[in-house]
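What follows is a single structure, written as structure tokens, with notes after it.
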Amino acid sequence: MEHNNVQELIKLGASQVIHNKEGIPFVAISSDYKLVSIEDYLPHPIKTRQYVKMNTVKSFIEYVNRFKNPHTTIFADDQSHLFKGIIDFHVSQDEPRSGKHTVEYGCPLSREWEAWQNRNNEKMDQTSFAEFLEERAEDIVSPSGAELLEIALKFNVIRKAVFGSAMRLNTGEYQFTYSEDNQKGTVELPEQIKLGLAPFHNGEKYEVKAKLYYRLQEGNLLLWYKLVEPERVIEDAFYEVTQNIQVGVGDLMVIEGKSLTC
225 MEHNNVQELI KLGASQVIHN KEGIPFVAIS SDYKLVSIED YLPHPIKTRQ
275 YVKMNTVKSF IEYVNRFKNP HTTIFADDQS HLFKGIIDFH VSQDEPRSGK
325 HTVEYGCPLS REWEAWQNRN NEKMDQTSFA EFLEERAEDI VSPSGAELLE
375 IALKFNVIRK AVFGSAMRLN TGEYQFTYSE DNQKGTVELP EQIKLGLAPF
425 HNGEKYEVKA KLYYRLQEGN LLLWYKLVEP ERVIEDAFYE VTQNIQVGVG
475 DLMVIEGKSL TC
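Numbering (my numbering) for the sequence shown: 225 to 486.
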């Protein structure tokens, strides 16, 4: 290995610097007529080439502020929820830069958002629905977690119940009648619940409405929910992150779009 390095240095030493590309010197090797960069033999690289992915908005802002220059540009892509900062962005049309020093932040979804999104519009039997409410009770703002836990407990108790009818009460609740072991009873469920969810990991929480639906079929009860305009919540959360980044990086340009070539 050392022998090869020595031979390469001998070749370079016998060559002549013939070209500079963005300040990087190249030499022509006479034996095979190819251009070779000698940047690796300099005390330090001439250009920064670095691709970094950050896990938080705070670290993204800190990294940009550490290395930024007046031409550093940030692209905010609301389709992929990705922020890309190009530290060495072009000065002007007449002064292009390599754009090889970049940093990204991808707005990862929170676990609670994924939990509700994954089961959105999924029909569940009463037991599965009750268990889901128990698991996610801390996300529910209205009715209170205690009220929904009480409903979930009742659904769990009447696992083998046969449901006969359902009606919508003046209070805006659904009332289901059931029979089990020759005993009859009713259980109520709200028509809509309100959630407090942070769409992005470590982000701000937003109020998200979920409408509840049901189907009675041969004595079996199916329940499910539909999140109301979850896309709009994501859009609002992304806009909020964009604003926070703009404030954090000061006068740097934050563009709504995607960088495809850098």
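All residues carry an ideal CB built from backbone N, CA and C; glycine is no exception. All values reported here derive from a predicted model rather than from experimental measurement.
Per the coordinates, the alpha-carbon of S483 lies some 13 Å from the alpha-carbon of H325.
Cβ contact annotation for V411 (same chain, cutoff 8 Å, sequence separation greater than five): I375, K378, F379, I382, Q399, F400, Y402, in chain order. DSSP places R290 within a helical segment (H, G or I) once states are collapsed to three. Taken atom to atom, the span from the alpha-carbon of D302 to that of F424 is near 13 Å. Collapsing the DSSP output to three states places R439 in a strand. Sixteen is the threshold: when 16 or more other Cβ atoms of the shown chains lie within 10 Å of the Cβ of K308, as they do, the residue is buried. Excluding sequence positions up to five before and after T297, its CB lies within less than 6 Å of the CB of I310, F313, M477, all in the same chain and listed in chain order.
Annotated three-state conformation of N345 is coil, per DSSP. Cβ-Cβ distances below 7 Å link A361 to G369, L372, L373 in the same chain, with the five nearest sequence neighbours on each side left out; the list follows chain order. Judged by beta-carbon spacing, K450 lies beyond the 7 Å limit of K433, meaning their Cβ atoms are not closer than that value. Within the same chain, Cβ atoms closer than 8 Å to the Cβ of V465 are found at V281, F307, C331, F424, G427, the five residues on either side in sequence being excluded. Residue pairing by DSSP puts H325 in a beta bridge opposite Q274. For I458, the uninterrupted alpha helix (DSSP H) segment begins and ends at 454-473. The beta-carbon separation of Y430 and D460, rounded to 7 Å, stays under the 8 Å limit for a contact.
Counting every other CB atom within 10 Å of its CB across the protein chains shown gives L393 a total below 16, marking it as exposed.
Per DSSP, E428 is not a residue of any alpha helix (DSSP H), being assigned neither H nor E. Taking C-beta atoms as the reference points, K347 and L446 count as a pair closer than 7 Å. In terms of Cβ geometry, L421 and E336 form a close pair [threshold 7 Å]. Collapsing the DSSP output to three states places E415 in coil.
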